[in-house]
Amino acid sequence: MRIGILTSGGDCAGLNAVILAVVRRAVLGYGWDVVGIRQGTHGLMQDPPQAIDLNDYVNNDGMLRLGGTILGTVNKGDPFHYPMPDGSFADRSAEVIAGYHKLGLDALIGVGGDGSMAILHRLAEMGGINLVGIPKTIDNDLALTEYSVGFTTAVNVAVEALDRLQPTAASHDRIMILEVMGRDAGHIALFAGVAGGADAILIPEMDYDLDALTEHCLNIRKRGRNHALVIVAEAVKRDDGAAVTQGDDGQKVRYGGIGHWLADELGARTGWETRVTVLGHVQRGGIPSPRDRVIASAFGVHAVDLIAQKSFDRVVAWSKRKVIDVAMADVIVGPRLVDTNGTMVSTAKGLGAYIGHPPKTARTAKTV
Ligand code: F6P
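Each step along the sequence shown adds one to the number in my numbering, with nothing skipped, and position 222 is 274.
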């Protein structure tokens with residue numbers, strides 16, 4: 053047997069730990085060959101396909117702790133709607149499918165988020181690719197898995213930022229605003245906000261009221277505290293409903309900037325000096341947390357076992373302390389949002405943090 057693995061979408065900590073687990077299980081457990089495809093589907097689109105032999109990595113224990121992905125990845129360039137140099141778009145799916153067959157692969161492991169997974173699923177159906185998916189994204193917004201690879205490392209980074217912001221906030225009598233990633237889901241902001249003791253947690257799934265947030269901050273002051281910590285997810289909108297973005301790349305918008313808008317508003321309303329930290333890509337890089345390494349390892353081993361059982365079109369998932377697998381069609385259903393009635397929201401509220409209120413028109417929240 054000869055299997056391929058590719059990483060697709062935004063990178064995150066723990067991808068190399070996934071690759072190592074796949075190589076170890078495939079080589080040591082089954083005696084197979086493993087091929088690593090470079091730059092996701094881009095690598096398959098090339099002629100010859102861009103790939104490397106991964107069998108020798110079986111001894112590379114440094115991979116467990118190495119950030120990024122040794123294979124490279126892309127988070128744009130949908131092969132069904134591929135941007136061409138002349139500005140037009142072309143369907144290059146047939147080239148990707150041809151690449152898989154040229155490499156003589158018996159199966160492919162795709163490590164990606166829901167967008168990548170949807171593309172790979174479509175390619176697999178069209179091109180007879182035996183596909184197994186492994187969920188990764190710092191956003192943790194894939195359906196049917198409690199954790200995706202990369203999430204806890206990103207949360208750890210955001211919590212460390214709050215730990216560092218709190219003493220300087222206290223020294224300078226300030227409100228500190230921390231803007232975190234997560235795209236349309238608020239999982240990073242919510243987990244980090246609770247773990248890092250944020251006084252206000254703003255997530256896209258909940259509506260907020262600037263007057264109520266202002267009063268909340270002023271009450272903190274009345275209670276005798278000279279500083280406050282606010283965490284805001286990048287996709288939170290301004291109070292007039294406008295998204296704050298840094299433009300788009302033709303395929304998707306890039307969020308960023310809500311922290312600065314909020315600082316201006318909150319500073320003016322409270323009269324409190326306010327500063328902003330935008331955490332950005334430091335949430336994606338660096339050494340994976342032990343939990344991400346555990347999830348990555350369990351996912352990698354299970355994905356190879358699924359191939360051995362000829363169980364394709366499945367995605368591995370973490371559920372109730374176990375690794376399981378689910379139908380890929382049930383995973384590619386759009387982002388899993390924060391459950392506005394769930395434990396994390398009620399915990400934040402119970403701790404006295406401001407988190408706003410569920411929107412009048414409920415957004416579609418898929419729960420684990
Ligand atoms: O999906 C992962 C993610 O890090 C999001 O949280 C963020 O909005 C986006 O990717 C950033 O993408 P890029 O690396 O293209 O700036």
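Glycine residues also receive a C-beta, built at the ideal position from the N, C-alpha and C atoms.
All values derive from a computational prediction rather than experimental measurement.
Within 10 angstroms of the beta-carbon of leucine 230 lie 16 or more other beta-carbons, which makes it buried. Here the region 59-67 makes no contact with the region 96-110; the two share fewer than three CB pairs at distances below 8 Å. At a cut-off of 6 Å, the beta-carbon of arginine 388 does not count as near the ligand F6P: no heavy atom of the ligand is closer than that.
Nearest Cα to glycine 185 within the set Ile171, Ile55, Asp191 and Gly164: Gly164. Taking 8 Å as the upper bound for CB-CB distance, glycine 151 and proline 187 are not in contact here, some 23 Å apart. The alpha carbon of proline 340 has as its nearest neighbour, out of Phe203, Asp292, Thr220 and His268, the alpha carbon of Phe203. Secondary structure of proline 219 (DSSP, three-state): helix. When DSSP reads this structure, tyrosine 260 sits in no beta bridge, so it has no partner. One alpha carbon belongs to alanine 195, the other to isoleucine 122, and they sit about 26 Å apart. About 13 Å separates the beta carbon of leucine 265 from that of isoleucine 255, a gap too long to meet the 8 Å contact definition. Excluding the 5 residues flanking it on each side, arginine 235 has same chain C-beta neighbours closer than 8 Å at Asp191, Asp193, Glu286, Ala287, Tyr307 and Pro387, in chain order. Within the same chain, and ignoring the five residues on either side of histidine 312 in sequence, the residues whose Cβ sits closer than 6 Å to its Cβ are Val328.
Judged by DSSP in its simplified three-state form, tyrosine 82 adopts helix. Collapsing the DSSP output to three states places alanine 142 in a strand.
Residue nearest to aspartate 215 within the set Ile283, His173, Ile149 and Arg77 is Ile283 (criterion: CA-CA distance). If you check the C-beta of asparagine 127 against the ligand F6P, you find a heavy atom less than 6 Å away. Burial is judged here by how many other beta carbons sit within 10 angstroms of a residue's own beta carbon; leucine 80 has fewer than 16 and is exposed. In this structure, valine 201 sits near glycine 66, with a CB-CB distance shorter than 7 Å.
For the pair glutamate 177 and leucine 314, the Cα-to-Cα distance works out to about 45 Å.
Put simply, the backbone Cα of threonine 392 is about 6 Å away from that of proline 410. If you check the CB distance, valine 334 and valine 232 do not come in under 7 Å.
For the pair arginine 77 and valine 356, the CB atoms are nearer than the 7 Å cut-off. Counting along the chain, isoleucine 104 sits inside the beta strand (DSSP E) bounded by residues 103-105. In terms of Cβ geometry, methionine 228 and leucine 281 form a close pair [threshold 7 Å].
Rounded to the nearest whole angstrom, the C-alpha separation of aspartate 166 and histidine 279 is 39 Å.
Spatial neighbours of glycine 408 in its own chain (CB-CB distance under 6 Å, excluding positions within 5 residues in sequence) are listed in chain order as Met258, Asp259 and Tyr260. For leucine 175, the enclosing alpha helix (DSSP H) covers residues 166-179.
In the three-state scheme derived from DSSP, where H, G and I count as helix and E and B as strand, isoleucine 122 is classed as coil. Look at glycine 202: its beta carbon is at least 6 Å from all of the heavy atoms in the ligand F6P. Residue environment: histidine 153 is assigned as exposed (fewer than 16 neighbouring CB atoms within 10 Å of its CB, all protein chains considered).
Taking 6 Å as the cut-off, the C-beta of glycine 62 counts as close to a heavy atom of the ligand F6P. Distance from the CA atom of glycine 352 to the CA atom of glycine 139, rounded to whole angstroms, is 38 Å. Distance from the CA atom of alanine 221 to the CA atom of isoleucine 181, rounded to whole angstroms, is 54 Å. Proline 131 sits buried, since 16 or more C-beta atoms from the chains shown fall within 10 Å of its C-beta.
With a cut-off of 6 Å, the C-beta of methionine 233 is classified as near the ligand F6P, since at least one heavy atom of the ligand falls inside that distance.
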